[in-house]
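Quick notes on the structure that follows.
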Amino acid sequence: MCSMNFSLLIVGRATLIALLGVTYTTDARTAAWAGDYERLLYDKLVSGYNKLARPVKNESEPVIVYLGIDFQQIIDIEEKNQIMMTNVWLRMSWVDIYLTWEPSEFGSIKELRLPISTIWKPDVLLYNSIDQQFDSMWPVNAVIRLCVSIVDICAHPIKSPI
């Protein structure tokens, strides 16, 4: 009886590994195709892009930056010295008119990650640290999302007072 249960256990694990292997292989092939489109899109976006220039057509226009702080955790509190060490994420978003593409030309990609060092970013610094070597920005990737918003005003009736 024991050997039979043991054999079934091994067969069960082998099946699970085989299924995971098939799933992984399928995802890997799909990712390879997506990788080709991502490389083409990356090359298109960074060629001729000036990370020092604000992303506006008219220099008198402001770049509206949305800023948020996601509080993650309290790491340490020193009551006597009134020091609190925290972990927060600084979230910023803005519209960059030069980072656009036609999804149908790039495998329907609507989101791409680029190194933050390759794109324009606002001069924002989270500064409230006791540490002299404080740097609020880790070298992370920026998530570039394609946002398309088209409003067809012809489809809506316009009512006006007589």
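Mapped onto mature numbering (1 follows the signal peptide of the UniProt record, and there is no 0), the consecutive letters of the sequence shown carry residue numbers -25 to -1, 1 to 137. All residues carry an ideal CB built from backbone N, CA and C; glycine is no exception.
query	result
Buried versus exposed, by CB contacts within 10 Å (16 or more), residue 117	buried
Alpha-carbon to alpha-carbon, residue 57 and residue 142	With the chain running from -25 to 137 in the structure shown, residue 142 is simply not present.
Spatially closest choice to residue 27 from 114, 95, 70, by CA coordinates	95
Collapsed DSSP secondary structure at residue 53 in the structure displayed	strand
Inter-residue CB distance, residue 41 and residue 68 (contact presumed, cutoff 8 Å)	5 Å
Residue from 14, 63, 52, 36 whose Cα sits closest to the Cα of residue 102	63
Burial state of residue 119, where buried means 16 or more other Cβ atoms lie within 10 Å	buried
Endpoints, the beta strand (DSSP E) within which residue 117 is located	116 to 120
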